[in-house]
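Only one structure is covered here, and it is reproduced in the block below.
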Amino acid sequence: MKDYRATALALCVSASALALATTGCQQKTDVRAWQRRLTPPAPPAPPDVTSTPPDEPIMAVLVAPPNVPPPTNRTKPARVVVKMTVKELAMPIADGAQYGFWTFGGTVPGSLIRVRQGDLVEFHLQNDATSTMPHNIDLHAVTGPGGGAAATFTAPGHASKFSFRALNPGLYVYHCATAPVPMHIANGMYGMILVEPPEGLPPVDREYYVMEGDFYTKGKYHAKGLQDFDMEKGIEARPTYVLFNGAEGSLLGDKSLKAYVGDNVRIFFGVGGPNLTSSFHVIGEIFDRVYTEGGSHVQENVQTTMVPAGGAAIVDFKVQVPGAYALVDHSLFRAFNQGAVGTLQVSGPEDRLIFSGKQADSLATKDEGPARPDAAIDTATTSNLTRDEQIAAGKAVFASTCSACHQPTGLGLPGSVPPLAGSDFLVKNDKERLIGVVLNGLTGPVKVNGTMFNSVMPPWNHLSNDELANVITYMLSDWGNPGGVVTPADIAKVRGLGAI
Amino acid sequence: MRAMATSSVLAIAVTLASTGLAAPRAPVAPAGMVLVGPGIYRPLYPTAPSEQAVSVGRFFLATKPVTNGEFLAFVAEHPEWRRDRVKRILAEAAYLTHWAAADRLGPGVRPRSPVTNVSWFAARAYCTARDARLPTEREWELAARASDKAPDGSKDPAFTARILAFYAEPAALTSLRDVGQGRPNFYGLYDLHGLAWEWIYDYGASLVASDSREKGDAARNRFCGTAGANAQSPSDYAAFMRVAFRSSLEAAYTTTRLGFRCAADIEEVP
Chain A
45 MKDYRATALA LCVSASALAL ATTGCQQKTD VRAWQRRLTP PAPPAPPDVT STPPDEPIMA
105 VLVAPPNVPP PTNRTKPARV VVKMTVKELA MPIADGAQYG FWTFGGTVPG SLIRVRQGDL
165 VEFHLQNDAT STMPHNIDLH AVTGPGGGAA ATFTAPGHAS KFSFRALNPG LYVYHCATAP
225 VPMHIANGMY GMILVEPPEG LPPVDREYYV MEGDFYTKGK YHAKGLQDFD MEKGIEARPT
285 YVLFNGAEGS LLGDKSLKAY VGDNVRIFFG VGGPNLTSSF HVIGEIFDRV YTEGGSHVQE
345 NVQTTMVPAG GAAIVDFKVQ VPGAYALVDH SLFRAFNQGA VGTLQVSGPE DRLIFSGKQA
405 DSLATKDEGP ARPDAAIDTA TTSNLTRDEQ IAAGKAVFAS TCSACHQPTG LGLPGSVPPL
465 AGSDFLVKND KERLIGVVLN GLTGPVKVNG TMFNSVMPPW NHLSNDELAN VITYMLSDWG
525 NPGGVVTPAD IAKVRGLGAI
Chain B
161 MRAMATSSVL AIAVTLASTG LAAPRAPVAP AGMVLVGPGI YRPLYPTAPS EQAVSVGRFF
221 LATKPVTNGE FLAFVAEHPE WRRDRVKRIL AEAAYLTHWA AADRLGPGVR PRSPVTNVSW
281 FAARAYCTAR DARLPTEREW ELAARASDKA PDGSKDPAFT ARILAFYAEP AALTSLRDVG
341 QGRPNFYGLY DLHGLAWEWI YDYGASLVAS DSREKGDAAR NRFCGTAGAN AQSPSDYAAF
401 MRVAFRSSLE AAYTTTRLGF RCAADIEEVP
């Protein structure tokens, strides 16, 4: 652009000189018009990311995850004040299980901080007086030693302050960097800071904030009560939980992410670690755009994006079909057995040209492929069903959740998975015991129809009371089993009893 | 206390005279203290190759941390250490704020639980008033390394796991219990792990720079990725936590989980 302008200018000057020399001053007006025609439109001013921010500070808007503060909508650098308080808190990690989290601001992850490239960020880190540990913060968006770690090292009951210029746009992880660092991270001390490019990110209809982290508890998965940190499991990278936003179910049920058909959805996704990387995937969606690794380049049409520990990605996708979309770490044992699952609920009209919907008999066929819980959830969460409706809904839950092991025929797998069809276990045990087995899982020797089995059935207590009632009613009723009805109230009762 | 120390020395002298032994016997400890050491202390962050193994001589260490009740008595004797009279430069605003009043614990504070919310200056003043001093880092660490069975439990997985479990407990739900519960360690010391942090005399000793706000390369080791690289025993997470905690402190700081115990020199008999 510069070269072109220079050439045009040179042309104008020589043309003017020529005109003056040959025809005199009366030609001037025409020459100017000609000059105007030749002059290209003024190029857009380069974005201002370097000017000195005004003294008047702006308070950063901090909201609890999965919510995201609004875009900055600024054209010049600002002085942005961020205030965070570190709190050590016991909070739920799973249904009935608590964990001693260390948090930025009381949530896992800490709030998303949103600034613009060129902003001067004044960071105030307070360590609550009730804390046992000193803490600090290393923001990956910082250019400078330790990312602010030494500058914010803060004893309990104290506060530190430091400032940094957000030089590079992108989505960056922040975390506590006090020794032992992996323990602080394993206790939930991470979050993200978005440094918008000067023009901002392309506008979308909904923005959400999700971080994955691995957790190490002394008790096993779903053990009840207050759980202690297990350093040995941490060192060996054997997590008890792999979670979105610090708790199992933090993005399920009422807390599901929500969107409407036609919305463009953006997820700011990051991984706190300390150990695992994530294969982030939304079942039934394709990411239209991925800002790979949270940087400036966009990859398009991505099924699963790999996010490193201490790394991030921005994913954008348009939702066109209503239904429940599961967010998972596609290292799927994490999703099915360690908690790394959430849902995006999309409401709105069907578009059968994009997705035909489900035929009633298509669920139970063997070639259906990976379990798709959507339809089962849709019908199974409708309460007040008749027995026949319960059986139908339960059949769908069975097909998506149980049939992989117990087989669509209910015959199980010889030597490893006990049969449900014609099973004396279902006859010998009362309703509460059967509910307890499904809720809490069953590990170790069990005799069914005269044969000993010794394997592991995981707990299924993340299913709703309706789903559990329906699927157990179905199992009692199909394959010539004796029948019986289990209600959501029965499930609730056994849930209240804890492990049986 | 001074009288007691003197009589202890006398007792030793008498013992030596009556038995006629040439070798020095173990000196008798002041009340509430036991003899610790000698031993070898291996700092987590040696500042020089010669510092990798430091010999620590014998010293006395209090068996239990100082309690709220004991500190209340000290404040009554030395009113300049009341929270409403203390100089702000010696103890910050949170000093003793968990007490109901400057001269009263109140119903919510257990007299026999360790005193916390005390500054390094206040802790030092208390020990001085009791003819004692704060233990040094190497002394404290040497004492804390003892399991209930041996002076060095650092290679005993059960012992290290137990220490770690204390630090892993969610502190938000546990309040400070009374001192002296549970099992004492090899030396007869209680509560070095699992109750409260403790001030040491040289809490900033492993720092290179004199200004602890600019902690230099030694402090840099405590953050982020380099934390494990230079340490002698990277798996000793509890020691990491103690070093990190100590290096976050200034002498006037007080925190809700930081108390202290006193130590004393051995007056060697010639």
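Sequences listed follow chains A and B, in order. Sequential numbering of the first sequence, starting at 45, is according to my numbering. Sequential numbering of the second sequence, starting at 161, is according to my numbering. Where a beta carbon is used, it is the ideal one built from N, C-alpha and C, also for glycine.
Task: the segment 263-276 of chain A contacting the segment 237-253 of chain A, beta-carbon criterion three pairs below 8 Å - done: No, because fewer than three Cβ pairs between the segment 263-276 of chain A and the segment 237-253 of chain A fall closer than 8 Å, the two stretches do not touch.
- [ ] Can you give me the start and stop residues for the alpha helix (DSSP H) that residue 203 of chain B sits inside?
- [x] From DSSP, residue 203 of chain B is part of no alpha helix (DSSP H); its letter is neither H nor E.
Open item on the list: Taking 9 Å as the threshold (beta carbon to beta carbon), is residue 175 of chain A in contact with chain B?
Closed with: Taking CB atoms only, residue 175 of chain A has a neighbour in chain B less than 9 Å away.
Task: Segment limits, beta strand (DSSP E) that includes residue 301 of chain A - done: 301-304
Open item on the list: Quick check: the Cα distance between residue 302 of chain B and residue 236 of chain B, rounded to an integer number of angstroms?
Closed with: 33 Å
Open item on the list: So, at 6 Å on beta carbons, what are the nonlocal neighbours of residue 308 of chain B in its own chain, with the 5 sequence-adjacent residues on each side left out?
Closed with: 343 and 345
TODO: Specify the secondary structure class of residue 377 of chain B as computed by DSSP and reduced to three states.
DONE: Below a pLDDT of 50, predicted positions are generally treated as unreliable, and residue 377 of chain B, at 45, falls in that range; the measurement from the model is reported next regardless. Looking at residue 377 of chain B - three-state DSSP - the assignment turns out to be helix.
- [ ] Report the residue from B:415, B:200, B:258 and B:219 whose alpha carbon sits nearest the alpha carbon of residue 210 of chain B.
- [x] B:200
TODO: Could you tell me whether the Cβ atoms of residue 412 of chain B and residue 240 of chain B are closer together than 9 Å?
DONE: no
Open item on the list: Is it buried or exposed, residue 399 of chain A, if we count other Cβ atoms within 10 angstroms and call 16 or more buried?
Closed with: exposed
- [ ] Within 10 angstroms of the Cβ of residue 245 of chain B, are there 16 or more other Cβ atoms? Answer buried if so, exposed if not.
- [x] Classification of residue 245 of chain B: exposed, given that the 10 Å Cβ count is below 16.
Task: Min CB distance residue 201 of chain A to chain B below 9 Å - done: yes
Task: Same chain, Cβ closer than 6 Å to residue 310 of chain A, neighbours up to 5 away in sequence not counted - done: 248, 251 and 360
TODO: Compute the Euclidean distance between the alpha carbons of residue 329 of chain A and residue 203 of chain B, then round it to the nearest angstrom.
DONE: 54 Å
TODO: Starting from the beta carbon of residue 141 of chain A, find every residue of chain B whose beta carbon is closer than 8 Å, and list them in chain order.
DONE: Neighbours of residue 141 of chain A on chain B: none; closest Cβ ~12 Å, over 8 Å.
Open item on the list: Determine, for residue 222 of chain A, whether the minimum Cβ-Cβ distance to residues of chain B falls below 9 Å.
Closed with: yes
Open item on the list: Distance cutoff 9 Å, beta carbons only. Does residue 249 of chain A sit that close to anything in chain B?
Closed with: Under the 9 Å criterion on CB atoms, residue 249 of chain A is classed as non-interfacial with respect to chain B.
Task: First through last residue of the alpha helix (DSSP H) which encompasses residue 237 of chain B - done: 228-237
Task: Under 7 Å by beta carbon: chain A residues contacting residue 404 of chain B - done: 178, 222 and 223
TODO: Could you list which residues in chain B have their beta carbon closer than 8 Å to that of residue 259 of chain A, in chain order?
DONE: Correct list: empty, because the minimum Cβ distance to chain B is about 12 Å.
Task: Beta-carbon proximity of residue 158 of chain A to residue 121 of chain A, cut-off 9 Å - done: no
Open item on the list: Is the beta carbon of residue 190 of chain A closer than 9 Å to that of residue 218 of chain A?
Closed with: no
- [ ] Can you give me the Cβ contacts of residue 538 of chain A inside the same chain, cut-off strictly under 8 Å, excluding the 5 residues immediately before and after it?
- [x] Correct list, in chain order: 476, 479, 480, 483 and 544.
- [ ] Take the Cβ of residue 187 of chain A as the centre, count every other Cβ of all protein chains shown within 10 Å, and call the residue buried at 16 or more, exposed below.
- [x] exposed
Task: Span separating the alpha-carbon of residue 422 of chain B from that of residue 312 of chain B - done: So the two alpha carbons sit approximately 21 Å from each other.
TODO: Please check the pair residue 355 of chain A and residue 337 of chain A, which I expect to be a contact at CB under 8 Å, by giving their CB distance rounded to whole angstroms.
DONE: 6 Å
Open item on the list: Here's the rule: buried if 16 or more other CB atoms are within 10 angstroms of the residue's CB, otherwise exposed. What is residue 377 of chain A?
Closed with: exposed
Open item on the list: Counting only Cβ pairs nearer than 7 Å, list the residues of chain B close to residue 197 of chain A.
Closed with: Within 7 Å Cβ-Cβ: 408.
Open item on the list: Strictly below 7 Å CB to CB, what residues from chain A border residue 325 of chain B?
Closed with: 272
Task: Contact list for residue 231 of chain B against chain A, beta-carbon separation under 9 Å - done: The premise fails here: residue 231 of chain B is roughly 18 Å from chain A at the closest Cβ pair, so nothing lies under 9 Å.
Open item on the list: Suppose the cutoff is 6 Å on Cβ atoms and the five residues either side in sequence are ignored; what does the same chain contact list for residue 381 of chain A look like?
Closed with: Around residue 381 of chain A: 502.
Open item on the list: Is there a Cβ of chain B sitting closer than 9 Å to that of residue 350 of chain A, yes or no?
Closed with: Taking Cβ atoms only, chain B never reaches closer than 9 Å to residue 350 of chain A, which makes this a no.
Open item on the list: Using the three-state DSSP reduction, which class does residue 219 of chain A fall into: helix, strand or coil?
Closed with: strand
Open item on the list: I'd like to check one pair, residue 255 of chain A with residue 397 of chain B: are the Cβ atoms closer than 9 Å?
Closed with: no
Task: Chain-ordered residues of the segment 500-527 of chain A with a beta carbon less than 7 Å from chain B - done: Flagged: no residues at all.
- [ ] Please name the residue in A:92, A:156 and A:109 whose C-alpha comes closest to that of residue 301 of chain A.
- [x] A:109
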